[in-house]
Amino acid sequence: MIKKIIFFLFVFPAILSGQEYFPKNYGVKNENQNYTAFTNAVIHVNPNQKVEGTLLIRGDEIVNVSSSSNLPKNCVIIDLKGKSIYPSFIEAYSDFGFSVEKKGSGNFRSGGSPQYDSKREGYYWNDHILPERNGVSEFKFDQKKAEELRKLGFGIVHTHKPDGIIRGTGVLVSLNELGTDAQRILDDRSAQFLSFKKSDESNQIYPNSIMGSMALLKQVSFDADWYQKGGSETKDLSLEAYNRNKSLLQIFYAGDKADALRAIQLGKELQTNFVIVGGGNEYQLAEHFKKAGNSLIIPLNFPKAYDVENPMLADYIALSDMRYWNQAPTNLANLQKMGINFSLTSFGLEKTSDFKENLLKTISYGFDKKAALASLTTIPASILGKSQQMGTLEKGKLANFIISSDDIFEKETIIYENWIQGKRHVINDIDLLDLSGNYTLQINSQSYDLQIDGSNPDLKAKVKKDTINIPAKISFTDNWINLYFNSSKKESEYIRLTGKVIDPSKFSGVAVLSDGRETSFTSVKKNEKIDENTKKDGKETPWLTPVTFPNNGYGLTNKPAQETVLIKNATVWTNEKEGVLLNTDVLIKDGKIAKIGKALTANNVKEIDGTGKHLTSGIIDEHSHISTVSTNEVGQNSTAEVTMEEAINFEDINIYRALAGGVTQAQILHGSANPIGGRSAIIKMKWGETPDQLIDKRAPKFIKFALGENVKQSNWMGGRFPQSRMGVEQVFIDYFQRAKEYEILKKSGKPYRKDLELETLAEIINKERFISCHSYVQSEINMLMKVAEQFNFKINTFTHILEGYKVADKMAAHGVGGSTFSDWWAYKYEVKDAIPYNAALMHNEGVVTAINSDDAEMMRRLNQEAAKTVKYGGISEEEAWKMVTLNPARLLHIDSYVGSIKVGKDADLVLWTDNPLSVNALAERTMIEGRTYFDLNSDKMKRANIQKERSQLINAMLEAKNSGSETQKPKKNETKLNHCDTVD
C-alpha cells in the first residue's frame, strides 16, 4: 500500500512544490519559511558568470544571487569568507538505486537446453525488449552510494536499470538524504534507455550478435508502428509501452566509439536522435561525432598503466592498448576542441572516488575548466530537458550548490558542503584547514621533504630523505596533525609527529624519535616554482603518442591521397583478351586506369619503375570473415534480417595484412550457423576508413545460405529446427513460400506488417539479391538448385563446394558459380571426399570458379593458393590468376569496374616483385582507386617506429609505477580469427 501511495506522488511531481494536502502524524506542523543567505562568496552562477556576493535561498529554491548585501529580515546568514559556490553537479547516466539479477549464461556451447522462445506472456516475443519496465517501481535509494556521489559534488542523478536492449524508463533523482523518495524523485519517466546488450535476466539466445541487436531494434520499431495502427489482434504490453515512450528522451548506451557510430546510424534509420553514452575513446573519431551532431555522455574511466617490469610479459601488450593508456585523458579536450556537446558520467568507474582525480587529469591534458563545469551542470540539464529547473544558480531554480575552499577543479580544493534541495550535507568541516602541498620538514638537524595530498579524511602523505621515499601515514582531526614514518635506520622503527595547526603554511609540534626521545619539529610550506620548460599555465605538459587511423602501429596519420601515377615497364597481367603484356606502362588518374601502352608520358605525374616487376589487378576474396565483430547470429534458423555491414570492425589488422598480400576487395559473409544466414558486406580494403567508407556501395546485394553439418547442428548446441538435411530443405521451402505470400500482400495495397526477414527473402525471389551458399555434399547442392528453380530464381555461388567436381555439369546447367579451397580437406566428416583437382574440374566444365580463403591467414597468400591450380589440374597461369581476381569479380557482379586491368576500371592494382603466382612474390605496392594503402618500404619504417614507440611507452609506464600509480597485469589482446562456425 505504501508503494502505491509513493507511486501516486511520483506521477504528480508538481504537487511536491505546492500546497501539501496530506496529514502529518509526527508532531506539530512547523515549516521553516526563513531565508538562508550565503554571504561573501565567489558564486559561479554558470560556467561563464561569477558574482562576488550573496546567494539567497528559501526552502528548496534559489531566491536571488546578488553582489548586494540587502537581505530580508527573517534570514539566517552564513558568512563564507571568500569561499566558492558552484551549482551541484548532475550525473546524466547511472545505475544508482538499481540491481540486476544475472541469470542469463550467454554461453551457447556450455551444455543444457538453449532457450529460443520468450518465457513471457502478453509481452513482445523477445525477452530482451523491455520498454514496459517502469524504473521508478524498482528504484531503491542507496544511502551509501549517494554519500559517495555527494562527496564528488553531485546533487542529482539520472538513473535506470542497465539491463536489456530496450531497458524501459529511467528516474531523475535528487541525492537529498534528508528527504523522502516522494521528495527526491524529480521525474519518474525521465527517458527511455537502450543498448546493444541483452538482458542478464533472460537466457533467450536471440540476438547473440551486434547485427542481431540492430535488426531487432529496427523490427521492434516497425512492429510498434504496425501495432499502433491496429494491425495486431493480440495485446502486447511491450509495444504499447514502446509507443508510449517514444516522446521521451532516448539514451543509448554504446560504451565504445564503434558502437556509438552504429547507434547513431540506427537512430537515423529510426528517425530518433539518440543521446549516446560513449566509452572514452571517442577522440579517435572526433570528426565523425562532430558531423553526426548527437549529444554524448562520456565516462571518466581511464585504463591503468601496465606493469611492464618483466620484458617478456610486456611483449604481450598490444601497442594499441599502450596507446590508449597514454591518450585516453585527451578525450575530453579533443571533443571540446571539435565543439561536440557532451556531459560527463562516473558510470563504469571501479571506485567512484577516482572521478575527481580523472577529471583533474583531463584538465591537465587541455580540457578547459569552464567546459568541465558546463559538462557537469548546464549541459546535462539541457540534455535532460531540465534547464529551467537546474544546472545554474539562478532565481527559481533548485537550491542545489557546492561550497568549496576555492576553484573546484584544483587538486587541493576541499568541498565543504553540498546543499541539495535546500538541505545541507556536510562533506568536510567548513573550518577545516587545507594542508595539501609540499613542505620542508625539520626534525633536530635532519631535513626531510614532506608531501601532503588530498583532503580530510582522505589525506595522504609522502616523506622523502635525500633520494629515498619513505612510507608515511597521516591523520588530521580538529586541526591536530598526527604523522608517522620509518626512521632511516630500520624499517621497524618509526618517527612520530603531533602538533596543532593554526597556519597551514607553517606549523610545528612534538616529534618522538624511534628510540623514544622527544624533540620538536617544524614544517614550512615550499613556494612552488614553475619550470617553464615542462609546464604551461601551471600545468605539466604531458607526453603523447600520435593518434592514427586505426589507432595502432600500422595506422595512418593522414589518409592516402589519390595520385596521378605512371607505372613504367612492368609485366602487366590484364585478365583481358590482351593477356600478359611485357614492358608495358599503365597510367592511373582520378582513381581510374587511364591508359595502357608502351612509352607512355604524362605531365605532373608520379613515376614508378616497374622494370622486372609484375602489375596485376587486386585480389578479390569471394568468401571471408575478417574485419567483423560478429560472425553468426545463431538464435533462429533464418536470420535474413541481419547484415554484416553493421558488424564491420574497421580496425581489424587483418585488413592491413590482406593489403600486404595484394587483396583489395572481399565479400564479408555471415557464418554458417543457420540455413538462411545474414546479408553480406562487400568491402574494399581501405585501411584507415570507417565502415561506411569500406563498404562498396556499387556492389549488388548478397546473402549467405548454408548447408550441411553446421546448420543442422551436428557438432554444437542443438535443440533448434532443423536437425537433419531433410529439415534444411524444408526450411528453404517454407521461408520462400512465406516470402512469396508476403510480397503478394505487400503489392496488394492492403495493410501489412513490415518484416525485415521476409523483405530480404522477397528480394531473392525478385532477383534483387544473390545467394552465396556454404556447401559440401553433392546431394544438398542438387537440392538447393531445385528449390531455387521451384521459386524461379538461381543460386549465384556455391562456396566451399568441395564436392563440386561431382556435380559440375549440373552447376553449369543451372548457371551457378563455384568458389572453393585449393586443397583443404579432412577438417570435418563432410569434406572427406575433397580433392585438390576440384577447382580445375569445375573450371573445365564451364563453371565460373574462384579460390577463396575463409581464413585471415590464407587470405594473405591467395596468390599462392591460385598457383596450386596450375599444379593440380594443369590450369594455365593466366586462368589460375583469374581465379583470385576476375572470376570472383564476376561472381560478385562487380567485374564491370574491378577484376582486370582495363581503361576505365578502378585503379585497384598490385605491383609485385615477382611473378604473382610465385612463392617469392611480395606485394610491393597495393592501390585502391589510385590511393596507395600498402607500401613495402613504408611498412619497414612502420615496424621500426613501432619498436621505438613501444620503448617510449614502456618507459612512461615504468615511470608511472615508480611514481605510485596503480598498474594492471599485462594481457594479450589477441586478434580473433573468425570462420564460418565462429559464435560470439
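0 is the number of the first residue of the sequence shown in numbering that gives the first Met the number 0; add one for each residue after it.
Where is the CB? At the ideal position from N, CA and C, for every residue including glycine.
The structure presented is a predicted model; accordingly, all values stated were derived computationally and were not measured.
Notebook entry, point to check: Roughly how many angstroms lie between the CA atoms of Thr573 and Thr796, to the nearest whole one?
Noted result: In the sequence shown, the residue the question calls residue 573 occupies position 574. In the sequence shown, the residue the question calls residue 796 occupies position 797. In a straight line, the C-alpha of Thr573 is about 24 Å away from that of Thr796.
*Determine the direct distance from the alpha carbon of Ser917 to that of Gln863, and round the result to whole angstroms.*
The residue labelled residue 863 in the question sits at position 864 within the sequence shown. The residue labelled residue 917 in the question sits at position 918 within the sequence shown. The straight-line gap from Cα to Cα measures roughly 7 Å.
Which of the three DSSP states is assigned to Ile204 in this structure?
What you label residue 204 is simply residue 205 of the sequence shown in a count that begins at 1. In this structure, Ile204 counts as coil in the three-state DSSP scheme.
*Nearest neighbour of Gly515, chosen from Lys143, Asp78, Ile494, Asn526 [CA to CA]*: Locating residue 515 in the sequence shown gives position 516, where the first residue counts as 1. Gly515 has its Cα closest to that of Ile494, out of Lys143, Asp78, Ile494, Asn526.
Which of helix, strand or coil DSSP assigns to Ser319: Reading the sequence shown from its first residue, position 320 is the one you call residue 319. Collapsing the DSSP output to three states places Ser319 in a helix.
Query raised in the report: So, are the CB atoms of Pro86 and Asn455 less than 8 Å apart?
Result: Sequence index remark: in the sequence shown, residue 86 carries index 87 (1-based). Sequence index remark: in the sequence shown, residue 455 carries index 456 (1-based). Between Pro86 and Asn455, the C-beta gap is not smaller than 8 Å, which leaves the two residues out of contact.
Note to self: If I measure Cβ to Cβ from Lys968 and keep anything under 7 Å in the same chain, skipping five residues before and after, which residues do I get?
What the structure shows: By 1-based counting over the sequence shown, the position of residue 968 is 969. Exclusion of the five residues before and after Lys968 leaves Asp306 as the residues of its chain whose Cβ lies within less than 7 Å of its Cβ.
Going by the CB atoms, is the gap between Leu129 and Val156 shorter than 8 Å? The residue you call residue 156 lines up with position 157 of the sequence shown. The residue you call residue 129 lines up with position 130 of the sequence shown. With a cutoff of 8 Å on beta-carbon distance, Val156 and Leu129 are scored as not near each other.
Which same chain residues end up closer than 6 Å to His424 when comparing Cβ atoms and leaving out the 5 residues on each side of it in sequence?
Position 425 of the sequence shown, counted from the start, is the residue given in the question as residue 424. Closer than 6 Å at Cβ, skipping near neighbours: Arg149, Asn417.
| Applying the criterion that 16 or more other CB atoms from any shown protein chain within 10 Å of the CB defines a buried residue, is Arg697 buried or exposed? | On the sequence shown, position 698 is the one that residue 697 refers to. Counting C-beta atoms within 10 angstroms of its own C-beta, Arg697 has fewer than 16 neighbours from the protein chains shown and is therefore classed as exposed.
task: Please name the residue in Leu392, Arg678, Gly661 whose C-alpha comes closest to that of Ile1034.
output: Residue 1034 is absent from the structure shown; the chain starts at 0 and stops at 983.
Check your understanding: Which residues mark the beginning and the end of the beta strand (DSSP E) in which Glu90 is found?
Key -> Here residue 90 corresponds to residue number 91 of the sequence shown, with the count starting at 1. Counting along the chain, the beta strand (DSSP E) containing Glu90 begins and ends at 88–93.
In this structure, what does DSSP give as the bridge partners for Ser83? The residue you call residue 83 lines up with position 84 of the sequence shown. In DSSP, Ser83 forms a bridge with Val41, Ser403.
By the three-class DSSP mapping on this structure, what secondary structure does Leu686 have? Numbered from 1 along the sequence shown, position 687 holds the residue referred to as residue 686. The sequence shown places Trp at residue 686, not Leu. DSSP, read as helix, strand or coil, puts Trp686 in coil.
task: Have a look at Asp691, Asp651, Thr630, Pro690 and flag the residue whose alpha-carbon is nearest the alpha-carbon of Lys703.
output: For the purposes of this step, residue 703 is taken as the residue at position 704 of the sequence shown. For Lys703, the nearest C-alpha among the options comes from Thr630.
Quiz prompt | Thr35 versus Thr53 - alpha carbon distance | solution = In the sequence shown, counting from the first residue as 1, residue 35 sits at position 36. In the sequence shown, counting from the first residue as 1, residue 53 sits at position 54. Between Thr35 and Thr53, the C-alpha separation is close to 10 Å.
Practice task
Tell me where the alpha helix (DSSP H) around Arg724 begins and ends.
Solution key: For this step, residue 724 is matched to residue 725 along the sequence shown. Run containing Arg724: 724–747, per the alpha helix (DSSP H) assignment.
Check your understanding: Closest by CA to Ile618, which one among Asp907, Ile77, Asn280?
Key -> Here residue 618 refers to the residue found at position 619 of the sequence shown. Comparing Cα-Cα distances from Ile618 to each of Asp907, Ile77, Asn280, the minimum goes to Asp907.
- Please report how far the alpha carbon of Leu151 lies from the alpha carbon of Leu891, in whole angstroms. As a working note, residue 151 is residue 152 in the sequence shown. As a working note, residue 891 is residue 892 in the sequence shown. Going from the Cα of Leu151 to the Cα of Leu891 covers about 58 Å.
Please check the pair Asn636 and Val776, which I expect to be a contact at CB under 8 Å, by giving their CB distance rounded to whole angstroms. If you number the sequence shown from 1, residue 636 lands on position 637. If you number the sequence shown from 1, residue 776 lands on position 777. No, Asn636 and Val776 are not in contact; Cβ-Cβ is about 19 Å, not under 8 Å.
Report task. Express the C-alpha separation of Arg889 and Ser899 in angstroms, rounding to a whole number. Result -> Residue mapping note: residue 899 aligns to position 900 of the sequence shown, counting from 1. Residue mapping note: residue 889 aligns to position 890 of the sequence shown, counting from 1. Approximately 11 Å between the Cα atoms of the pair.
What's the C-alpha gap between Val846 and Leu801? The residue you call residue 846 lines up with position 847 of the sequence shown. The residue you call residue 801 lines up with position 802 of the sequence shown. In a straight line, the C-alpha of Val846 is about 14 Å away from that of Leu801.
Neighbourhood of Ser208 by C-beta distance below 6 Å, restricted to the same chain and skipping five residues each side:
In the sequence shown, the residue the question calls residue 208 occupies position 209. Closer than 6 Å at Cβ, skipping near neighbours: Ser629, Glu632, Asp983.
In chain order, what residues of the same chain lie with their CB nearer than 8 Å to the CB of Pro302, ignoring the 5 residues before and after it? Counted from its first residue, the sequence shown places residue 302 at position 303. The beta carbon of Pro302 is closer than 8 Å to those of Asp320, Tyr323, Trp324, Ala327, Gln967 in its chain, skipping five residues each way along the sequence.
query = Which of the three DSSP states, helix, strand or coil, is assigned to Ala922?
reply = Locating residue 922 in the sequence shown gives position 923, where the first residue counts as 1. Strand.
Simplified DSSP state of Asp530, which is helix, strand or coil | For the purposes of this step, residue 530 is taken as the residue at position 531 of the sequence shown. Confidence at Asp530 is low in this model, with a pLDDT of 44, below 50, so the placement of that residue is unreliable and no value is reported for it.
Checklist line | Beta-carbon proximity check, Ile587 vs Val571, cutoff 8 Å | finding: Taking the first residue of the sequence shown as 1, we reach residue 587 at position 588. Taking the first residue of the sequence shown as 1, we reach residue 571 at position 572. Ile587 is not a Cβ neighbour of Val571, given a cutoff of 8 Å.
message: Just to check my reading of the structure: Arg656 and Arg924 have Cβ atoms closer than 8 Å, yes? What is that Cβ distance to the nearest angstrom?
response: The residue you call residue 656 lines up with position 657 of the sequence shown. The residue you call residue 924 lines up with position 925 of the sequence shown. Not quite, the Cβ-Cβ distance comes to about 16 Å (not below 8 Å), so this is no contact.
Report task. Throw me the rounded Cβ distance for the Leu383 and Ala91 pair, which I believe falls under 8 Å. Result -> The residue you call residue 383 lines up with position 384 of the sequence shown. The residue you call residue 91 lines up with position 92 of the sequence shown. Their Cβ separation, rounded to whole angstroms, is 7 Å, which keeps Leu383 and Ala91 in contact under 8 Å.
C-beta contact flag for Ile647 and Pro690 at 8 Å: In the sequence shown, counting from the first residue as 1, residue 647 sits at position 648. In the sequence shown, counting from the first residue as 1, residue 690 sits at position 691. Taking the C-beta atoms as reference points, Pro690 is found nearer than 8 Å to Ile647.
If you count every other CB in all the chains shown that lies within 10 Å of the CB of Phe37, and 16 or more means buried, which is it?
-> Along the sequence shown, one-based indexing puts residue 37 at 38. Around the C-beta of Phe37, 16 or more other C-beta atoms lie within 10 Å, and the residue is accordingly described as buried.
TODO: Using a threshold of 8 Å, state whether the C-beta atoms of Ile89 and Pro379 are closer than that.
DONE: Mapped onto the sequence shown, residue 89 falls at position 90. Mapped onto the sequence shown, residue 379 falls at position 380. In this structure, Pro379 lies closer than 8 Å to Ile89 by Cβ.
**Report entry** Residues that Thr518 bridges to, as DSSP identifies them
**Finding:** In the sequence shown, the residue the question calls residue 518 occupies position 519. Paired residue(s): Ala510.
- Go to Trp880, then tell me how far its alpha helix (DSSP H) extends in each direction, as first and last residue. Reading the sequence shown from its first residue, position 881 is the one you call residue 880. Segment 876–881, the alpha helix (DSSP H) holding Trp880.
Check your understanding: Could you check where the beta strand (DSSP E) with Val142 kicks off and where it finishes?
Key -> As a first step, residue 142 must be located in the sequence shown, where it is residue number 143. According to the sequence provided, residue 142 is Gln. The question's Val does not apply to it. No beta strand (DSSP E) contains Gln142, which is instead part of the alpha helix (DSSP H) from 142–151.
Report task. Report all residues from its chain with a CB closer than 6 Å to the CB of Leu8; omit the five preceding and five following residues, and keep chain order. Result -> Within the sequence shown, numbered from 1, the residue matching residue 8 stands at position 9. Low confidence applies here, because Leu8 scores a pLDDT of 38, under 50, leaving its location unreliable; read the following figure in that light. Once the five neighbours on either side are set aside, the close Cβ partners of Leu8 are Ala181.
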